[in-house]
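Presented below is the structure to which this report refers.
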Amino acid sequence: MQGDIQRVLITRRQIARRVRQLADQIAQQYRHRPEGLVIVSILSGAIIFLADLIRHLPMRMKIGLVAVSNYPGPTTAPRGPRLVRQLQPEIRGRDVLVVDDILDTGGTLRLVLAELQKLQPASLRVCVLLRKPSKAPADITADFVGFDIEDVFVVGYGLDYDDHYRNWPDIAVLRPELYAAARNPRAAATDRA
Ligand code: 5GP
Ligand code: MG
0 MQGDIQRVLI TRRQIARRVR QLADQIAQQY RHRPEGLVIV SILSGAIIFL
50 ADLIRHLPMR MKIGLVAVSN YPGPTTAPRG PRLVRQLQPE IRGRDVLVVD
100 DILDTGGTLR LVLAELQKLQ PASLRVCVLL RKPSKAPADI TADFVGFDIE
150 DVFVVGYGLD YDDHYRNWPD IAVLRPELYA AARNPRAAAT DRA
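Numbered continuously in numbering that gives the first Met the number 0, the sequence shown closes out at residue 192.
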C-alpha cells in the first residue's frame, strides 16, 4: 500500500492535533446545551474521523448514520446523490451536527441537510475534516472545517479510492497511474462516497 502513495498531504500527527482542536470548538459551541448532540455521519468516508472526533467530545450524544449513493444502480452516469440508508435517532427539536469526510462539490451535504431539515431539528450544523475551497458551492457552508486542501483526489483516514486505502493513517495522494481507471467511465461508475 505504501508503494501506491505519491505524497502525504496531511500527516497522522497533524490530523490528530486538528481533530482535538475541532472537538474543542464543537464543545464550546454547545456548552450550554445539556441535552447534548445528535451527530449524523455519512458512510463510509467519515467513519475514522467520526470515531476520533467523538472520543474528544465529553458530552451527551446520540449517533446516526446515513449512506449516500452517487451512482445508483448499474449505471455509468452519475444521477446525483441519493439517500440509500438511514439509521437515525429522533431529530426533531435536537441540536444536530452532520459529520462528513470532505466538502467537495457539496452535492452530498446538500441532500443530507435538506432531508434533516425536514425533520425539524433545533439547530443544524456541519463539521467536515476536509474542504476543497476551489469547488465548494456558495450555498453549502461548513461550520467546523479541519483543513482546506487543494483540488486533488485524496485517500486515507477513511477516504477511499475504489474502496481501498481507507485504513491508511495519513491523508495522501496516490501515484497518478493508479487513477487511470477513474478516467475510464465504467470504472468511474463505482460509488466512491
Ligand atoms: P461532494 O462532491 O458531494 O461534496 O462529495 C461527495 C463525496 O465524494 C464525499 O463525501 C467523499 O466521500 C467523496 N470525495 C470527494 N472528494 C474526494 C477525494 O478527494 N477523495 C476521496 N477519496 N473521496 C472524495
Ligand atoms: Mg462521503
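Each residue gets a CB set at the ideal place from its N, CA and C atoms; glycine is no exception.
For residue i, which residues in the same chain have their Cβ closer than 7 Å to its Cβ, ignoring the five residues on either side in sequence?
| i | result |
| --- | --- |
| D3 | L173, R174 and L177 |
| G79 | G106 |
| G157 | G44, A45, I46, I47, F48, D100 and R165 |
| I117 | Looking at the sequence provided, one finds Lys at residue 117 rather than Ile. Hits under 7 Å: none found. |
Could you pull the DSSP bridge partners for residue i from this structure?
| i | result |
| --- | --- |
| R6 | V172 |
| Q38 | The residue asked about is misnamed: residue 38 is Ile in this sequence, not Gln. Per DSSP, I62 and L96. |
| L86 | L64 |
| R19 | Per DSSP, none; premise fails for R19. |
| R81 | S68 |
Taking C-alpha atoms, which residue in the options lies nearest to residue i?
| i | options | result |
| --- | --- | --- |
| A26 | W167, L52, E89 and V111 | L52 |
| E89 | R81, G35, F152 and V125 | G35 |
| I38 | V125, I14, A15 and Q1 | V125 |
| V195 | L42, D162, Q119 and V153 | Past the edges of the chain, shown from 0 to 192, lies residue 195, and the structure says nothing about it. |
| K134 | F143, V151 and I41 | V151 |
| E114 | R12, Y29 and A66 | A66 |
| F143 | Q1, V98 and I14 | V98 |
Skipping 5 residues on each side, what residues in its chain have a beta carbon closer than 6 Å to that of residue i?
| i | result |
| --- | --- |
| R208 | This structure does not reach residue 208, given that the chain is present from 0 up to 192, and the question cannot be answered. |
| D147 | R130 and P132 |
| Q119 | R91 |
| E149 | none |
| L128 | F48, D100 and G145 |
| T10 | D169 |
Can you name, in chain order, every residue of its own chain whose Cβ lies under 8 Å from the Cβ of residue i, other than the five neighbours on each side?
| i | result |
| --- | --- |
| S122 | D94 and V95 |
| R84 | L42, L64, V65 and A66 |
| L86 | G63, L64 and V65 |
| D159 | S43, G44, R165 and R191 |
On the three-pair Cβ rule with 8 Å, is the segment 97-110 touching the segment 128-142? In the pairwise beta carbon analysis, the segment 97-110 is classified as touching the segment 128-142: at least three pairs are separated by under 8 Å.
Give, in chain order, every unbroken run of the alpha helix (DSSP H) that is at least 4 residues long and sits entirely within the segment 90-176. Within the segment 90-176, complete alpha helix (DSSP H) segments of at least 4 residues are found at 106-117, given in chain order.
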